[in-house]
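Student: In our numbering, the protein residues as written are 6 to 774. Cβ atoms here follow ideal geometry from the backbone N, Cα and C, with glycine treated the same way. This is the structure, below, for whatever I ask next.
Rendered as structure tokens:
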């Protein structure tokens, strides 16, 4: 079966669809371009199918390269016969291929090789083939001490059994199906490794272990808190294990009372315990990690997609607040286009406590720049700063402000980046984070593409994952999201343009340079004047680059320039005027796509064109909305079981969803508490950015764990002594964890009078009478 046939079978599509898609990929086309503009060629393969195809194509081509290398290696040893070649060619996975190659793989001199060189292979063969031979008698005829001769023969058989590809493959699947991982805490590590307490006495079958548990176990082992054992199970109280029985049956060893039977059974046991079990343990560790990584990468990618496609607040003047205590709250105001128009630093919290002056400063900036939105970073001092913003809204209702808590994950990475230095050259590094916070409220996608996806922090155990695999997956997500939304070529940053289909980093810089030198692009055709933007790049990127308000209305849509003639034909058959066609649902829904299809553009493409003309440049992202945190609930010690709170979903993992309820520590809604019905994938219920109502079930202050439920009818479990003691010990703010901690006592702020010094400060700023 060819690579194409195999992928087609896995995807459940025709071979021709795969062949065409592979040709397009090999020719430099991107997945977004193929999915949207080559539907007829691929038979309507969507972006998800194409991503799977791309990944499998990479794996199978690597498999073929490895197969060729192995064939050449065995051939050069003079050991390649027709049967072995057929076996190698039939291997359908890398693991199977390596099992077959193992006996021929160049290795250091082993005990078995030394024994063969000593002429002991005939002894091993005779004992295995004819157990009626007495091992002691037979070994005496090989010119060395009997124990040494038998030890050499055993080494040869142990290696032979351990390199039997079919046997190893069967034992591996047996162990995977019936074995389990056990974990125990190392002596004296109970306190230091408290975060792994769930695994101090743990056992679970391999096949049932979810990815997050696998990664947690391996991390606990790496941190020298846990001892892990891969238990094959299958042990019998009396006699050999199930694995030894299978090995014996495969190699023809049985206890029939013959002189060599006991020696051969001991050899089987030795092979299992000293070689095969060790080999399978390594294999299954890799398999567990591989499965865990695949799932963790999938979860990370899905969460990143939801975050990038979160609702944009739009082109509204926004104030970004990057909270801090000692160093102050950094303030940046950006206009509707994201341009920085003002910056400042205020010190409302401890130790300076300039609460009134800070509100006056913010009010002055909001009034001067017509600010509509206040974006507050969700890190250290976020709730204190949120209270500051709430007081601002209360004192100055005429400003009609809306405050929103925004994830600041990755803002510090952006602040110190080379691009931030280039984009905000005259701005201090400490203030760039506030700019990023403001802009990511206006347009999450446009701002977050400036940051390495891995720094956005919406995964589980991301630092334990393969760097290459994670980066490849996340880059694909960013590419898909950017191209699904489309990009205004006249306002997009270079990092955003780089994510457009067919646009390389150097080409993105050239587009920006051309725009700066010649003014805004008026047509898509003008893109061809950009240095090094040739026909192939234009084909790939043109449909995803939009020109609102340009010379041709179609240039602001997702209709590709190559399909403009189709629109002209539709126009001629309907209204006759472009302005009368675009957005004219009545006229467009009367058009029959098949009447305008031709040999180049089929019904799927014409259908897409008609949908786009109904709502040109439509944004697939949801409408903007905000959550309201409960007053008086600002730290984990403020939480009580039974409270119903509004919060924002910040992350979704295989085991549940994390929700920010405004206490600097996300709570967990376990997968079992997401719905009254069975939930296989938490993302079927919630996604990052969703606003939800949750009930507090339990609060574990010492471990900084908050248990929540979306089932508001759930009843919190009875209070227990340990939790009460934890609450007593939690009299001071014990935040930390995901968002850091520290805090100004709430009483200090609430005692601030609404009038007095604050009113005086506002009057001095000209903001109050």
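Sort 407, 296, 712, 216 by Cα distance to residue 633 and report the nearest one.
Tutor: Here residue 633 corresponds to residue number 628 of the chain shown, with the count starting at 1. If we check each option's Cα against that of residue 633, 407 comes out closest.
Student: Measure the C-alpha to C-alpha separation of residue 7 and residue 545 and round it to an integer number of angstroms.
Tutor: Numbered from 1 along the chain shown, position 2 holds the residue referred to as residue 7. Numbered from 1 along the chain shown, position 540 holds the residue referred to as residue 545. If I take the Cα positions, the gap works out to 29 angstroms.
Student: Where residue 405 and residue 607 are concerned, what is the direct C-alpha to C-alpha distance, given to the nearest angstrom?
Tutor: Here residue 405 refers to the residue found at position 400 of the chain shown. Here residue 607 refers to the residue found at position 602 of the chain shown. Roughly 51 angstroms between the two C-alpha positions.
Student: What ranges does the alpha helix (DSSP H) occupy inside the segment 108-178, keeping only unbroken runs of at least 4 residues that lie completely in it?
Tutor: If we require 4 residues or more, the alpha helix (DSSP H) runs fully inside the segment 108-178 come out as 116-122, 126-134, 140-144, 151-167.
Student: So what does DSSP say about residue 195, is it helix, strand or coil?
Tutor: For the purposes of this step, residue 195 is identified with residue 190 of the chain shown, where counting begins at 1. Three-state result, residue 195: coil.
Student: Would residue 579 count as contacting chain B if we go by Cβ distances under 8 angstroms?
Tutor: Going by chain labels, chain B is absent from the structure shown, which holds only one protein chain.
Student: Do you know how far the Cα of residue 435 is from the Cα of residue 680?
Tutor: Stepping through the chain shown from its first residue, residue 680 is reached at position 675. Stepping through the chain shown from its first residue, residue 435 is reached at position 430. Cα to Cα, residue 680 sits roughly 42 angstroms from residue 435.
Student: Going by Cα to Cα distance, which pick from 653, 217, 647 is closest to residue 724?
Tutor: Locating residue 724 in the chain shown gives position 719, counting from the first residue. Checked all of 653, 217, 647; the closest Cα to residue 724 is 647.
Student: Under 8 angstroms, do residue 672 and residue 717 count as touching if we go by C-beta distance?
Tutor: Within the chain shown, numbered from 1, the residue matching residue 672 stands at position 667. Within the chain shown, numbered from 1, the residue matching residue 717 stands at position 712. Not closer than 8 angstroms, so no.
Student: Measuring only the C-alpha atoms, how far is residue 728 from residue 711?
Tutor: Here residue 728 refers to the residue found at position 723 when the chain shown is read from its first residue. Here residue 711 refers to the residue found at position 706 when the chain shown is read from its first residue. Low local confidence applies: a pLDDT of 42 at residue 728 is under 50, so the model's placement there is unreliable, and no value is given.
Student: Count the C-beta pairs between the segment 406-422 and the segment 295-302 that are closer than 8 angstroms, then say yes if the count reaches three, no if not.
Tutor: Contact fails: fewer than three Cβ-Cβ distances are below 8 angstroms.
Student: By DSSP, does residue 752 sit in helix, in strand, or in coil?
Tutor: Locating residue 752 in the chain shown gives position 747, where the first residue counts as 1. Caution is warranted here: a pLDDT of 34 is assigned to residue 752, below 50, making its placement in the model unreliable, and no coordinate value can be reported.
Student: So residue 485 is in the alpha helix (DSSP H); what residue range does that whole segment cover?
Tutor: Stepping through the chain shown from its first residue, residue 485 is reached at position 480. Start and end: 472-490.
Student: Looking at the structure shown, is residue 675 part of a helix, part of a strand, or coil, going by DSSP?
Tutor: Within the chain shown, numbered from 1, the residue matching residue 675 stands at position 670. Residue 675 falls in the strand class under three-state DSSP.
Student: Quick check: what's the CA-CA separation for residue 738 versus residue 699?
Tutor: Numbered from 1 along the chain shown, position 733 holds the residue referred to as residue 738. Numbered from 1 along the chain shown, position 694 holds the residue referred to as residue 699. With a pLDDT of only 33 at residue 738, under the threshold of 50, the placement of this residue in the model should not be trusted, and no figure is reported.
Student: Could you please give me the residues that DSSP links to residue 705 through a beta bridge?
Tutor: Here the question's residue 705 lines up with position 700 in the chain shown. Answer by DSSP bridge pairing, in chain order: 710.
Student: Rank 555, 510, 539 by C-alpha distance to the C-alpha of residue 526 and give the top, closest one.
Tutor: Numbered from its first residue, the chain shown carries residue 526 at position 521. Comparing Cα positions, the closest option is 555.
Student: Could you check the C-alpha separation between residue 575 and residue 449 for me, to the nearest Å?
Tutor: Taking the first residue of the chain shown as 1, we reach residue 575 at position 570. Taking the first residue of the chain shown as 1, we reach residue 449 at position 444. Looking at the two C-alpha atoms, the distance is approximately 36 angstroms.
Student: Spatial neighbours of residue 568 within its chain, please: C-beta separation below 7 angstroms, excluding the five flanking residues on both sides.
Tutor: Here residue 568 refers to the residue found at position 563 of the chain shown. For residue 568, where only same-chain residues beyond five positions count, the Cβ hits under 7 angstroms are 606, 610, 614.
Student: Drop a sphere of 10 angstroms on the beta-carbon of residue 604, count the other beta-carbons inside from all chains shown, and report buried for 16 or more, exposed for fewer.
Tutor: Here residue 604 corresponds to residue number 599 of the chain shown, with the count starting at 1. Label assigned to residue 604: exposed.
Student: Starting from residue 447, follow its DSSP beta bridges and name the residues at the other end.
Tutor: For the purposes of this step, residue 447 is identified with residue 442 of the chain shown, where counting begins at 1. None, per the DSSP bridge assignment.
Student: Any chance the segment 273-284 sits against the segment 242-253, with 3 or more Cβ pairs inside 8 angstroms?
Tutor: Segments in contact, yes.
Student: Would you kindly check if the distance between the Cβ of residue 626 and the Cβ of residue 317 is under 8 angstroms?
Tutor: As a working mapping, residue 317 is identified with position 312 in the chain shown. As a working mapping, residue 626 is identified with position 621 in the chain shown. Yes; because the gap between Cβ atoms is below 8 angstroms, this pair is in contact.
Student: What residues match up with residue 515 in a beta bridge as DSSP calls it?
Tutor: Taking the first residue of the chain shown as 1, we reach residue 515 at position 510. In DSSP, residue 515 forms no bridge with anything.
Student: Is it true that the segment 633-642 meets the segment 591-601, where meeting means three or more beta-carbon pairs spaced less than 8 angstroms apart?
Tutor: Cβ pair count under 8 angstroms is below three, so no.
Student: Let me know the secondary structure DSSP gives residue 335 once reduced to three states.
Tutor: For this step, residue 335 is matched to residue 330 along the chain shown. Strand at residue 335.
Student: I want to know whether the segment 655-674 touches the segment 686-702 - three or more CB-CB distances under 8 angstroms.
Tutor: In short, these stretches touch, since the Cβ pair count reaches three.
Student: Helix, strand or coil, according to DSSP, for residue 461 in the structure here?
Tutor: Indexing the chain shown from 1 puts residue 461 at position 456. Three-state DSSP puts residue 461 in coil, outside helix and strand.
Student: Comparing alpha-carbon positions, which option in 651, 683, 345 lies nearest residue 431?
Tutor: Along the chain shown, read from residue 1 onward, the residue named residue 431 stands at position 426. When each option's Cα is compared against that of residue 431, the closest is 345.
Student: From residue 352 to residue 374, what distance separates their C-alpha atoms?
Tutor: Counting from one through the chain shown, the residue named residue 352 turns up at place 347. Counting from one through the chain shown, the residue named residue 374 turns up at place 369. Whole-angstrom Cα-Cα distance: 21 angstroms.
Student: Going straight from the alpha carbon of residue 192 to that of residue 481, what length do you get?
Tutor: Sequence index remark: in the chain shown, residue 192 carries index 187 (1-based). Sequence index remark: in the chain shown, residue 481 carries index 476 (1-based). So the alpha carbons of these two residues sit roughly 44 angstroms apart.
Student: Decide if the segment 355-366 is in contact with the segment 285-299; the criterion is three or more beta carbon pairs, one per stretch, under 8 angstroms apart.
Tutor: With a cut-off of 8 angstroms, the segment 285-299 and the segment 355-366 do not count as touching, because too few Cβ pairs lie within range.
Student: Return the Cβ separation of residue 378 and residue 409 in integer angstroms, given the expectation that the two are a contact with Cβ distance under 8 angstroms.
Tutor: By one-based count along the chain shown, residue 378 stands at place 373. By one-based count along the chain shown, residue 409 stands at place 404. Between residue 409 and residue 378 the Cβ distance is about 6 angstroms, and since that is below 8 angstroms, they are a contact.
Student: Thinking C-alpha only, which one of 223, 446, 385, 123 is nearest residue 468?
Tutor: Sequence index remark: in the chain shown, residue 468 carries index 463 (1-based). Nearest C-alpha to residue 468: 223.
Student: For residue 213, which residues does DSSP report across the bridge?
Tutor: Looking up residue 213 in the chain shown gives position 208. Paired residues: none, contrary to the question.
Student: From the DSSP output, in three-state form, read off residue 239 for me.
Tutor: Translated into positions along the chain shown, residue 239 becomes position 234. Three-state result, residue 239: coil.
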